[in-house]
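> Terminal number for the sequence shown in this note's numbering: 579, no gaps in between.
Quick one: the structure is below, and I'll ask about it shortly.
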Amino acid sequence: MLLQTRQFGAACPWVTLTPVTERNSKLRSSLRIGKPKCSVSTPLELKSDTKTKPYPAEVSRTIMELARVGTLSTLTQEGWPLGVGVRFAVEPEHGTPLLCFNSPNTHIPSSLHVQVKQCGLRTPQCTIQGTLTKPQDPKRLGSVWRKRFGEEVDQDLIHIIAVDRVLQLEDFQEDGVWVSSLDYKNAQPDPLRDCADKLVTEINTNNMEDITRFCNVYVDLDFLVSEAKMIWVDRLGFDMRLFSPHKGVFEVRIPFPREVTDEKGAKSTFNCMSQLAWEVERNFQHPDFQKVKQLKPVKSCFL
């Protein structure tokens, strides 16, 4: 539905409510780039601190940057919830969603639900709660829309959602985590977001042996893994899905030895981790690191 072509107020007869207030708030061959910067004499050590994965606020900002469509919801005059599909852009500094449609109403309590698919195995999502209103700087936001969609937009049609709080879920049937407006605005989207899907696809296609080896070397398992796939990669590490014919399906998080900031750094780190795993598997290297012990059972058996 292209909301720019019709009266949004007529399609969605929202009531004007009191504005809400802000709450307090690897790869050893195919991906190698030059000589790997690791060897038997310079072992890697997996991160041992608690910061091994992005915070929910960072994940939410990443989801909003990757997606271009979502479901905008509010209440009708009869009190029924109504959601419509919309395109949206994101103001880069604070992650404020902006939409384009014709509506005479402003200051409307609303939500915007957004999700992205990761390797066809997981669908992280977030729901922005806030107030749909007119921006103070429509000209600047018009350039944001143009950069996102490559088209001009009437500045009078631009609306924003003033973010009150965000509900972030890792996948369907998962418990959500509430993120404050302040945490969401201060968070940064992951620097690998635009290349992560390509990296994961390439690794799963060309480096299945390495992926299985990662499970045996970096994860403390008491069962045999028959198949493994990478789900997603970010600056702090990567998520994998493991399948055991006797135990079921699990997800595991393997952290990087150090934070990476770009695609080249991620590839280089994968090469180093792959080389080390190969050496450990053949007893050329002692596993001088702490194995990952936390496994998350997955309800669905789809791999």
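C-beta atoms are modelled at their ideal positions from N, C-alpha and C, and glycine is treated no differently.
#1: Can you give me the C-alpha to C-alpha distance between GLN464 and GLU334, rounded to a whole angstrom?
#2: Relative to the C-alpha of ASP498, which residue among ASP413, LYS505, LYS569 and GLU428 is closest?
#3: Pull up the distance between the alpha-carbon of VAL536 and that of VAL509, whole angstroms please.
#4: By the DSSP assignment, the beta strand (DSSP E) with LEU351 in it spans what residues?
#5: Is the beta carbon of VAL392 less than 7 angstroms from the beta carbon of ILE339?
#6: Given that a residue counts as buried once 16 or more other Cβ atoms are within 10 Å of its Cβ, and exposed if not, what is ARG558?
#7: Check whether the stretch 483–497 touches the stretch 542–558, taking contact to mean three or more Cβ pairs, one atom from each stretch, closer than 8 angstroms.
#8: How far does the beta strand (DSSP E) with GLY359 in it reach, from first residue to last?
#9: How many Å lie between LYS572 and LEU375 at the Cα?
#10: So for ALA542, helix, strand or coil by DSSP?
#11: Taking the Cβ atom as the reference point for each residue, do ILE437 and ILE384 lie within a distance shorter than 7 angstroms?
#12: CYS376 bridges to which residues according to DSSP?
#13: How is ARG308 classed by DSSP in three states: helix, strand or coil?
#14: Quick one: Cα of HIS562 to Cα of GLY426, how far?
#15: Closer than 8 angstroms is the cut-off here; do at least three beta carbon pairs connect the stretch 347–360 with the stretch 442–455?
#16: With a cut-off of 8 angstroms on the beta carbons, I'd call CYS491 and VAL501 a contact; round off their distance for me.
#17: Are VAL495 and VAL574 touching if we call contact CB-CB under 7 angstroms?
#18: In angstroms with no decimal places, state the Cα-to-Cα distance between THR382 and GLU369.
#19: May I ask you to list the residues that DSSP assigns as paired with ILE384?
#20: With C-beta atoms as the reference, is MET506 less than 7 angstroms away from ILE530?
#21: So, for GLY346: in the same chain, excluding its five sequence neighbours on each side, which residues have a beta-carbon less than 7 angstroms away from its beta-carbon?
#22: Grab the span of the alpha helix (DSSP H) containing PRO330 for me, first residue to last.
#23: What would DSSP say about GLN570, mapped onto helix, strand or coil?
#24: Does the distance from the CB of SER336 to the CB of TYR460 come in under 7 angstroms?
#25: Where in the stretch 463–525 do unbroken runs of the beta strand (DSSP E), each at least 3 residues long, occur, reported from the N-terminal end onward?
#26: If you reduce the DSSP assignment to three classes, tell me which class LEU445 lands in.
In this structure, then:
#1: Answer to the nearest angstrom: the Cα atoms are 6 angstroms apart.
#2: Selected option, being the one with the closest Cα: LYS569.
#3: Going from the Cα of VAL536 to the Cα of VAL509 covers about 11 angstroms.
#4: Unbroken beta strand (DSSP E) run through LEU351: 345–351.
#5: Yes. Within cutoff.
#6: Taking a 10 Å sphere around the C-beta of ARG558, we find fewer than 16 other C-beta atoms and assign the residue as exposed.
#7: The stretch 483–497 makes contact with the stretch 542–558; the number of CB pairs closer than 8 angstroms reaches 3 or more.
#8: GLY359 -> beta strand (DSSP E) spans 357–363.
#9: So the alpha carbons of these two residues sit roughly 37 angstroms apart.
#10: Here ALA542 sits in helix by DSSP.
#11: Contact flag unset, no.
#12: Partner(s): ILE434.
#13: Its pLDDT being 42, under 50, ARG308 is placed unreliably in this model, and the value from its coordinates should be taken loosely. Coil at ARG308, not helix or strand.
#14: Take the alpha-carbon of HIS562 and the one of GLY426: they are about 53 angstroms apart.
#15: Under the 8 angstroms Cβ criterion, the stretch 347–360 does not count as touching the stretch 442–455, having fewer than three qualifying pairs.
#16: Indeed they touch by this definition, with Cβ atoms about 5 angstroms apart.
#17: Not a contact, by the Cβ cut-off of 7 angstroms.
#18: Straight-line measurement puts the Cα of GLU369 at about 23 angstroms from the Cα of THR382.
#19: For ILE384, which the question treats as bridged, DSSP gives the partners LEU408.
#20: Contact flag unset, no.
#21: Taken in chain order, the residues that qualify are VAL362, PHE364, LEU388, HIS389 and VAL390.
#22: Unbroken run through PRO330: none, as it is neither H nor E.
#23: If DSSP states are grouped into helix, strand and coil, GLN570 belongs with coil.
#24: Yes, the pair counts as a contact, with Cβ atoms nearer than the cut-off.
#25: Considered as a whole, the stretch 463–525 harbours 503–510 and 513–520 as its complete beta strand (DSSP E) runs of no fewer than 3 residues, in chain order.
#26: Note: LEU445 maps to strand in three-state DSSP.
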